[in-house]
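Undergrad: From first to last, the protein sequence lines are chains Z and B. Going by numbering that gives the first Met the number 0, the residue at position 188 of the first sequence is 187; the numbering climbs one at a time, nothing skipped. Going by numbering that gives the first Met the number 0, the residue at position 128 of the second sequence is 127; the numbering climbs one at a time, nothing skipped.
There are 2 protein chains.
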Amino acid sequence: MALRHAVLAALLDGELSGYQLAKAFDAGMANFWHALPQQLYSELAKLEREGLVAGREVVQETRPNKRLFTVTEAGFAELHRFAGAPSKPSFIRDDLMVKVAAADSIEAAELIGQLEERAAIATAKIELFEALLRKMRGELDEAEFLARGGRIGPYLTCLRGRQFEQGNLDWCIRAASVLRAREGADVQR
Amino acid sequence: MALRHAVLAALLDGELSGYQLAKAFDAGMANFWHALPQQLYSELAKLEREGLVAGREVVQETRPNKRLFTVTEAGFAELHRFAGAPSKPSFIRDDLMVKVAAADSIEAAELIGQLEERAAIATAKIELFEALLRKMRGELDEAEFLARGGRIGPYLTCLRGRQFEQGNLDWCIRAASVLRAREGADVQR
DNA sequence: TCATACATGTAACCCGTTACATGATTAC
DNA sequence: GTAATCATGTAACGGGTTACATGTATGA
């Protein structure tokens, strides 16, 4: 049960509608979480019922009306409680890893193709995260920003996201090259 | 629906009982997947019903009887089909990242403690994975093994697992030191 | 004697994903 | 015209986690 906390964390920057929250999850939270709009709408509804967020209706003329949500006192209290609870170590759980694990009984060409595709995705994400980091730190350099900037939380998680994707990229390239070298080569079975 | 494929991949090395499979998931698969025994038992039952694995009863005298499972022809076919399907990129989804994202409204000391704890766990996992890697490659060095060894699949995923934990470790240390430096310092709010 | 390893499951619940459903406005 | 953006949901399904349930054998 941690999506609720990710939502609370996302709302710390200011009040957001469900729709804006979905955007935020596609951008700033994307390094460590992902959620579809439906899930966010229903999670917001649940959080409101429990009094952890408060919504206020904003009437718009040209656009459909929307509801903006803020974290309540009870919401902050819940975040603090959450911060104190132990966090279970995470692992990767990736289809591509399962495929590589079975590499010895799967056609190499297929696998190599998928590894290259993933490498391309990782490259794109790295660029995206780097742009985000530049935007967050503004005119300060990284050391300055981390030492004295505001809201370093999202910056730190974005750093981890970038590093994670760099790890994906390096590994995909390496695994693909290993598999390519073995194709047709003389190998133990 | 990918646990089934992880199970099939794990069974490639030879026939295993549910219990042994649970061990295997705690060791060799641990770098990229985790599953509780209950889930494995029920997944094996499902796979057997669908004909993707075959179980054979082994009567034991001093121990309770057990059932050993092997991948069937249909199971291999399913693995090949799976290998051809697109794999969605994964992301981290970690409680600790949520906490760091909310760092600006959470007590730093708590967070630093959790980051250090996680760093210790990562260190332990790295050692574990390194031992596993040494065991898998036997007397060959890494380049030799990757070029000509048998069963490189698990080796490659274990490399990713080690690298992932190294990433966790580096990031935890960095994030903790950033937070420590800011404690009591003059910071934007 | 007590903890650990061996050995296998069932049941309930929550969370996440997929599919369905609607409808106006703005920019190309 | 057509795609993208704004805006909000419901329903069904499947997977993962937690709790429950049982029993033997070995080693400290």
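Backbone N, C-alpha and C define an ideal beta-carbon position, used for all residues, glycine too.
Just to make sure I have the definition right: I need the residues of chain Z whose C-beta is within less than 7 Å of the C-beta of Gly-166 of chain B. Which are they?
TA: Taking the first residue of the second sequence as position 1, residue 166 of chain B is located at position 167. Correct list: Gln-162, Phe-163 and Gly-166.
Undergrad: Compute the Euclidean distance between the alpha carbons of Leu-15 of chain B and Val-99 of chain Z, then round it to the nearest angstrom.
TA: Here residue 15 of chain B corresponds to residue number 16 of the second sequence, with the count starting at 1. Here residue 99 of chain Z corresponds to residue number 100 of the first sequence, with the count starting at 1. Cα-Cα distance, rounded: 20 Å.
Undergrad: Please report whether the beta-carbon of Pro-36 of chain B lies at a distance below 7 Å from any beta-carbon of chain Z.
TA: Your numbering for residue 36 of chain B matches position 37 in the second sequence. It does not: the Cβ of Pro-36 of chain B has no partner Cβ on chain Z nearer than 7 Å.
Undergrad: Output the distance between the C-alpha atoms of Val-215 of chain Z and Arg-150 of chain B, rounded to the nearest integer angstrom.
TA: Absent from the structure is residue 215 of chain Z, since the part of chain Z shown begins at 0 and ends at 188.
Undergrad: Determine the closest residue to Leu-78 of chain B out of B:Arg-92, B:Leu-155, B:Ala-9 and B:Gly-27, with distance taken between C-alpha atoms.
TA: Residue mapping note: residue 78 of chain B aligns to position 79 of the second sequence, counting from 1. Closest by alpha carbon: B:Ala-9.
Undergrad: Compute the Euclidean distance between the alpha carbons of Glu-164 of chain B and Gln-59 of chain Z, then round it to the nearest angstrom.
TA: For the purposes of this step, residue 164 of chain B is identified with residue 165 of the second sequence, where counting begins at 1. For the purposes of this step, residue 59 of chain Z is identified with residue 60 of the first sequence, where counting begins at 1. If I take the Cα positions, the gap works out to 48 Å.
Undergrad: Quick check on Gly-148 of chain Z: does DSSP put it in helix, strand or coil?
TA: For this step, residue 148 of chain Z is matched to residue 149 along the first sequence. Correct three-state label for Gly-148 of chain Z: coil.
Undergrad: Could you name each continuous alpha helix (DSSP H) segment of 4 residues or more that falls completely within the segment 46-133 of chain B, going from the start of the chain to the end?
TA: DSSP runs (the alpha helix (DSSP H)) wholly in the segment 46-133 of chain B: 72-83 and 94-100.
Undergrad: Have a look at Glu-182 of chain Z and Tyr-18 of chain Z and give me their C-alpha separation to the nearest angstrom.
TA: As a first step, residue 182 of chain Z must be located in the first sequence, where it is residue number 183. As a first step, residue 18 of chain Z must be located in the first sequence, where it is residue number 19. C-alpha separation (whole angstroms): 48 Å.
Undergrad: In terms of residues, what are the limits of the alpha helix (DSSP H) holding Gln-19 of chain Z?
TA: For the purposes of this step, residue 19 of chain Z is taken as the residue at position 20 of the first sequence. 17-25 is the span of the alpha helix (DSSP H), which, as asked, contains Gln-19 of chain Z.
Undergrad: Among Z:Thr-122, Z:Val-52, Z:Thr-61 and Z:Ala-180, which residue has its Cα nearest to the Cα of Leu-67 of chain Z?
TA: Residue mapping note: residue 67 of chain Z aligns to position 68 of the first sequence, counting from 1. Closest option to Leu-67 of chain Z, Cα to Cα, is Z:Val-52.
Undergrad: When DSSP labels each residue in this structure, what does Met-135 of chain B get in the three-state scheme?
TA: Taking the second sequence and counting its residues from 1, the one referred to as residue 135 of chain B is at position 136. Met-135 of chain B: helix per DSSP, three-state reduction.
Undergrad: Count the other C-beta atoms from every protein chain shown that fall within 10 angstroms of the C-beta of Gly-50 of chain Z, then say buried if there are 16 or more, exposed otherwise.
TA: Locating residue 50 of chain Z in the first sequence gives position 51, counting from the first residue. When all chains shown are included, Gly-50 of chain Z counts as exposed.
Undergrad: Closest by CA to Glu-106 of chain Z, which one among Z:Ala-175, Z:Leu-158 and Z:Ala-119?
TA: Looking up residue 106 of chain Z in the first sequence gives position 107. Checking every option, the nearest Cα to that of Glu-106 of chain Z belongs to Z:Ala-175.
Undergrad: According to the neighbour-count rule (16 or more other Cβ atoms, all chains shown, within 10 Å of its Cβ), is Gly-13 of chain Z buried or exposed?
TA: By one-based count along the first sequence, residue 13 of chain Z stands at place 14. Exposed is the call here.
Undergrad: Measure from the C-beta of Phe-144 of chain B to each C-beta in chain Z and report whether the shortest distance is under 7 Å.
TA: The residue given as residue 144 of chain B occupies position 145 in the second sequence. No, because no Cβ of chain Z sits closer than 7 Å to the Cβ of Phe-144 of chain B.
Undergrad: By the three-class DSSP mapping on this structure, what secondary structure does Phe-212 of chain B have?
TA: With chain B running from 0 to 188 in the structure shown, residue 212 of chain B is simply not present.
Undergrad: Might you give, ordered along the chain, the residues of its own chain that have their beta carbon closer than 8 Å to the beta carbon of Leu-2 of chain Z, omitting 5 neighbours on each side?
TA: Numbered from 1 along the first sequence, position 3 holds the residue referred to as residue 2 of chain Z. Answer for Leu-2 of chain Z: Trp-32, Ala-34, Gln-38 and Glu-42, listed in chain order.
Undergrad: Checking contacts by CB at 7 Å: is Lys-45 of chain Z closer than that to chain B?
TA: Taking the first residue of the first sequence as position 1, residue 45 of chain Z is located at position 46. Answer no: the Cβ-Cβ gap between Lys-45 of chain Z and chain B never drops below 7 Å.
Undergrad: Would you tell me roughly how many angstroms separate the C-alpha atoms of Glu-56 of chain Z and Ser-104 of chain B, rounded to the nearest one?
TA: The residue given as residue 56 of chain Z occupies position 57 in the first sequence. The residue given as residue 104 of chain B occupies position 105 in the second sequence. Distance between the alpha carbons of Glu-56 of chain Z and Ser-104 of chain B is about 26 Å.
Undergrad: Determine the burial state of Lys-134 of chain B: buried for a count of at least 16 other Cβ atoms within 10 Å of its Cβ, exposed for fewer.
TA: In the second sequence, counting from the first residue as 1, residue 134 of chain B sits at position 135. Lys-134 of chain B is exposed by the Cβ-count criterion.
Undergrad: Do the CB positions of Cys-157 of chain Z and Leu-131 of chain Z come within less than 7 Å of each other?
TA: Reading the first sequence from its first residue, position 158 is the one you call residue 157 of chain Z. Reading the first sequence from its first residue, position 132 is the one you call residue 131 of chain Z. Yes, the pair counts as a contact, with Cβ atoms nearer than the cut-off.
Undergrad: Quick check on Gln-19 of chain B - is its C-beta less than 7 Å from some C-beta in chain Z?
TA: Translated into positions along the second sequence, residue 19 of chain B becomes position 20. Judged by the 7 Å Cβ criterion, Gln-19 of chain B is not in contact with chain Z.
Undergrad: Using a threshold of 7 Å, state whether the C-beta atoms of Ala-121 of chain Z and Leu-178 of chain Z are closer than that.
TA: If you number the first sequence from 1, residue 121 of chain Z lands on position 122. If you number the first sequence from 1, residue 178 of chain Z lands on position 179. Contact: no.
Undergrad: Beta carbon of Gly-152 of chain Z, beta carbon of Asn-30 of chain Z: below 7 Å?
TA: Counted from its first residue, the first sequence places residue 152 of chain Z at position 153. Counted from its first residue, the first sequence places residue 30 of chain Z at position 31. Not in contact: Gly-152 of chain Z and Asn-30 of chain Z (Cβ atoms no closer than 7 Å).
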